[in-house]
Each structure stands twice: as C-alpha cells, then as structure tokens.
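Just so you know, the sequences run in chain order A and B.
Here the first sequence is numbered in numbering that gives the first Met the number 0, starting from 0 and rising by one per residue.
Here the second sequence is numbered in numbering that gives the first Met the number 0, starting from 0 and rising by one per residue.
Encoded as structure tokens, the structure appears first; notes follow it.
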Amino acid sequence: MNAWFADGLFPAAQLPLYYAFGGVLVLLIIASVVSLALKRARPAKNYTELRQRVRTWWWIAAIFGVALCLHPKGAIILMALVSFLAFKEYLSLLTTRRTDHVVLLWAYLAIPLQYWWVWQNWYGMFIIFIPVYLFLFLPMRMVMVGDTRGFLQSAGTLHWGMMTTVFSLSHIAFLVNLPDLHGPRPLTGGMYVFYLLLLTQLNDVAQYIWGKCIGRHKVIPKVSPNKTVEGLVGGVLTTTLLAWLLAPWFTPFTTLESVLVGLLIGVAGFIGDVVMSAVKRDIGVKDASSMLPGHGGILDRLDSLTYTAPLFFHVLYFLHY
Amino acid sequence: MTRWQRFLRMAFAALVARPVVRLWLGVNVRHQERLPLRGPAIVAANHNSHLDICTLLSLFPLARVPDVQPAAAADYFMKGGPLTWIARDLVGIVPVIRGGVRAGPSGAGAGAGAGAVKGHGNDNGSGSGNRNGNGERRDPLEGCYEALERGGILVIFPEGTRGEPEQMQALKSGIAHLARRFPDAPVVPLYMHGLGKSMPKGSFVPLPVFVDIFVGRALSWRADAQDDKAAFMQTLTDRFASLRLKARPTRDDAHDDVDQENA
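In structure tokens:
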C-alpha cells in the first residue's frame, strides 16, 4: 500500500487543497440553504429539480474531495471509473451492430490500459495510445469479424466515444503526475485538478444563471435553444474573474496567463457543452441518462470537461513544464 | 425445495446476478413497486439474452429470490452437464417440455393435451394449443402449475425465444393458459431494454451497457380476459407495446416503428 501511495495518505504538501474543499463545503451549504429558502418562500413553484441537483452536487463534491485529499493518485482511480461510466452511457445511447460485440469489449479493455499508463506516469504512451494505437486496432478487429455494412459509421462513432470519454478525461488524471513546483507557494498536481474541475463546473453554473437572469439573444438556436449570448458572455467573464482570483493559490500562472486560461475554460466549456448537445440531438434524447438526479446523465455533467481538460492540461504543460 | 437449494439460489443472486447487473451493467427501474413480491404471480418479460433472468433475479429482495422461478425450455437447459446444474440449482428454472413428451396419463386439468405438432418447435408456444388432447401426453406447463400452486412467482418469456436484440416477436399463448388456470394471479408485464446489446445470442461475455426496465400494471385473467384467450393476449401485447415506447427510443427504432405503420 505504501509502495503505491508514496508520501502516505493526506500528504501535507497539498494543504491548500484541504482549505479549498472547505470552501466548496461552504458553497454547497449556501446552495442548500438557498434552495430550501426558495421552497419555503414560494411553495407553489416546483423546486424538485433544483433540490435534486444540489443534492447530487453534494455527492460529486464528497467523492472527489475524498479521492483527491486522500492522495493525489486517488484522482486516477476515480477518473478511470468516471470514464468507464461515461463510455458505458455513450454506448448505451448508440444503436450498435451486433457483430461489433467483441470489438466493443476490446474498446472497454482500453479504459484500464489508458489509466494504467497514467498511473505509471508514462506520458508518451498515455498521449498516443488512444489516438494512434486504438484508432488503428479497432477497425482491424472489425475487419476480422467481416461485417462491412455500416462499417464507417460504427468505427467513427466508437472512436469519437473513446476520444471524448476516455482520452480527454484521462488528462484530468494525468495532471496529478505533474511534478510539484516550489515557487512562492508549493504546488501539487491535485491542486490543478481542483482548479480545472471547479472552474469548468462553476462556468456551467454561471452561464446558466446569467442566461436565466438576463438572457435575450439565442447564440446557437439550432443546437441548443436555451443558450444565450448574455449567458455565454456573463459566464465567461465570471469564470475569468475566478480564474484570476484563484490562480496564485492553485497554479503557477502569471496574471496574464490566468486571465487567458480563464477565457479558455469559459469558451471551451461552452463548446464542449454544445457539442454534446448536438450528439444528443442527433441520437434523439434530451438527457444522456438519469444517473445523476437533477442533472441527467454523467455525460451531461462531463460535456464541458471533454473540451476543457485536454486544453487546460496542454496549456499548463506548455507554459510551466 | 430443500434449505440447501434455497441457499444456493440466494447465493447465486447475491454473488453473481446482482454484481453483474448492478455494477457491470447498471439498471434503471421504472415502477419497481409494481413487481409482485408474493405468489402466486406471473411476471411476463421480453427476452433477448441469457442475462434477462439474472437481471430479473437482481430486482427481487434476496429472501424472495428462491420463490422466483423462470419457465425455460427443457430441451435446451436439461441436456445434462454444468448448464443443467446452473439452470436447475442456481437459477431454479421450471422446465417446459416443448412439443410435449409421451408420458403416463397425468390427469392434467384444463384439458391441456400438449404438443399437437410433435417434432415442430410447437409454433403456438409452450402453451397447449390443442384442447382435444388425449391425456396421454404430459402437459408441458405442468411444472408451471405446480410452481404457482406452491405460491411461487413464475417468470415467463412469452416470446418463446431470444430473437433479435431490442425487437419483440409475437407473443405465444401459453401464458394465457396459465392465467386461465390461475384467474386471480396478477400477470405483470415487464420490458427490459439494453440486454440484447449487452449479451446477444451467441455471446457469453456481457458488454457493459445501461439497462432500462419498465414494469407495467398487472393484468389478470378475471379482470382483463372476458374469458377469451385472444382478448387476454391482445391486452398483454398492448401493454408490452406501450412499455416499449417508453424505453428510450433510438432513431432506428423510431424508423422501424414508422415503417411498420406505413406497411
């Protein structure tokens, strides 16, 4: 156990992370109080979805809090499970060919492998395994079965799913492998994970709230009729402000860098959201499933992260490693 | 059923069926409260996979599992060997002898001389289409009657075979004979979506996919059949059709349904 988790459990180096989750706790308490107060103030209106949503947030925050605080590598195990659930949800939405059964089993096998590379801190393999090796392997395995009807559709949708739900999301896990930095404040990989997750998720919330309050002009009505220009701009600005405020504690970014990263997370989060909306619209469902009460499916919660995670990782990697 | 057999069946549900169905696959049940927990009762489910029965077993409280018995084809499951042991002792199937087998006069009630068409797959289902049977042949549903008389919860797959994934075949009428014999027993229709994708005919490793389960309102011979087999089967077919519509319709399904309407 100790050989696997060097530095022991609850390492002291990530002290700011413990305070950060304390802050999340305060935010969640506020959210719960507000949703309860709304229900009391206006009993006629139905706040079930809001309350379910807050309750689910409690669960998500608790699970990530325990995994990250216990040990940075906890994020790797957790993200492997998240990728498994996300890919399973994606696959459940698709109409797959019966002949692809064995191919899909191989695709599932790639999930533990990808996270094994992450665990091993093998960057070269982590970064090409799915885009190159799996990309070449799965069509080969499909050819061995021999069914050519719907071949391209099947190979394409399968690889798109692997790229978004496994490759993209595994970047979150790889963040914890980045070596500690010892600037004015010590920095660990777990803090980058926290920074990315918090900003991406708050960006979703901020865009939603700004859109509800002052949204007038639809930004992309064909794909997602509820998204407005006001929501997008308000959300991106809020996220940028937060990115700038939190950067000194959790990242090595300079002021300019933190503002640019904030803009990047805000905009990329929006794009991830609408791309997944387009996929759901294509399949003909509103929510990907009902696994997370009040949110929909796990893909509905991860959509923004499929874009922000790899982008944030590579910006950080390029600028400071 | 001996105490050992009850224990084996609960252990199978707890150690195999539940982990596979809840962790590997993941289920989402709509109206679980409609499942009958006390027999005699009949659960009629669609059939796409060997996993169907594991999924059904995982829905019941462990203490009830030994009372849940699926009717299954004797010629497939009772050939001997490990499959037979699994089917009989772990899953607890009630063997149905398709096509009927010659046996001594059994005095089976309901005048159910079984396989009118010996040698054929008995097109009209596990049921006894021929009411003029001479009593020399054993009623294939004999085991089902006994299970229901014991107060069991009988699981029936009225389609007969597993068929193509996520598509329903015409229902066979054996279930109507059971319902007529137990006119007050609730017949609960249950639709499962996703298992045909997870482990279709011919594969033996379950692919992880989420499974949606829709439990319908119970019907019974006394309340819904007007003492007419065709009416009972029509009601059951309609219940299944509406449950199937509630299952997440994929675009292909939608196209299929449109095509069928146009045909």
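Virtual Cβ for every residue (Gly too), placed ideally from N, Cα, C.
Bounds of the alpha helix (DSSP H) holding A/Phe317 are 297-319.
The beta carbon of A/Lys87 sits closer than 9 angstroms to some beta carbon of chain B. As DSSP reads the structure, B/Ile152 sits in a beta bridge with B/Ala40, B/Val67. Of the candidates B/Cys143, B/Arg17, B/Pro164, B/Cys143 places its Cα closest to the Cα of B/Asp66.
Taking a cut-off of 8 angstroms for Cβ pairs, the stretch 167-179 of chain A and the stretch 68-78 of chain A touch, as three or more such pairs fall below it.
Distance from the CA of B/Val64 to the CA of B/His46, rounded to the nearest whole angstrom, comes to 19 angstroms. Of A/Ile264, A/Ile219, A/Gly230, A/His181, the smallest CA-CA separation from A/Val273 is found for A/Ile219.
In the DSSP assignment, B/Pro94 falls outside any alpha helix (DSSP H) and within the unbroken beta strand (DSSP E) covering 93-95.
Among the residues facing chain A, B/Asn27 is included, as its CB has a counterpart in that chain under 9 angstroms away. Around the C-beta of A/Gln119, fewer than 16 other C-beta atoms lie within 10 Å, and the residue is accordingly described as exposed. By the rule that beta-carbons nearer than 9 angstroms mark a contact, A/His170 does not touch chain B. B/Thr160 sits exposed, since fewer than 16 C-beta atoms from the chains shown fall within 10 Å of its C-beta. Taking a C-beta distance under 9 angstroms as the contact criterion, B/Leu24 and B/Pro205 qualify as a contact pair. A distance below 7 angstroms between beta-carbons, with the five flanking residues on each side excluded, links A/Leu16 to the following residues of its chain, in chain order: Leu67, Cys68, Gly189, Met190, Phe193. In the three-state scheme derived from DSSP, where H, G and I count as helix and E and B as strand, B/Phe213 is classed as strand.
Between A/Leu168 and A/Ala308 the beta-carbon gap is near 6 angstroms, inside 8 angstroms, which marks them as a contact.
Bounds of the beta strand (DSSP E) holding B/Arg29 are 26-29. Under the three-state reduction of DSSP, A/Val274 is assigned to helix. A Cβ of chain A is located within less than 9 angstroms of the beta carbon of B/Pro207. For A/Leu93, no beta strand (DSSP E) segment is defined, and its DSSP state is neither H nor E. Fully contained in the stretch 219-281 of chain A are the following alpha helix (DSSP H) runs of length 4 or more, in chain order: 228-249.
Distances from the alpha-carbon of B/Val187 to those of B/Arg87, B/Ser219, B/Ala169, B/Leu170 put B/Ser219 closest. At a cut-off of 9 angstroms, the C-beta of A/Leu103 has a neighbouring C-beta in chain B. Restricting attention to B/Asp226, B/Arg221, B/Gly215, B/Gln225, the CA atom closest to the CA of B/Thr236 is found in B/Gly215.
At a Cβ-Cβ threshold of 9 angstroms, B/Pro39 and B/Ala230 do not count as neighbours.
The C-alpha of A/Tyr207 lies about 45 angstroms from the C-alpha of B/Gln168.
Taking 9 angstroms as the CB threshold, A/Thr95 lines the interface with chain B. In this model, A/Val25 and A/Val101 are separated by some 47 angstroms (Cα to Cα). By the CB criterion at 9 angstroms, B/Gly173 and B/Ile155 fall inside the cutoff.
Contact check for A/Leu80 against A/Leu195 fails: the beta carbons are separated by 9 angstroms or more. Beta-bridge partners of B/Val186 (DSSP): B/Ile41, B/Leu218. When the beta-carbon positions are compared, A/Ile297 and A/Leu291 come within less than 9 angstroms of each other. Within chain A, the residues His100, Val101, Leu104 have their CB atoms less than 9 angstroms from the CB of B/Val204, given in chain order. Below the 8 angstroms Cβ cutoff, chain B contributes no neighbours of A/Ser303, its closest Cβ being approximately 22 angstroms away.
C-alpha of B/Ala240 to C-alpha of A/Trp248: approximately 58 angstroms in a straight line. Taking A/Tyr89 as the centre and dropping the five residues before and after it, the same chain places the C-beta of Gly160, Thr164, Leu298 closer than 7 angstroms to its C-beta, in chain order.
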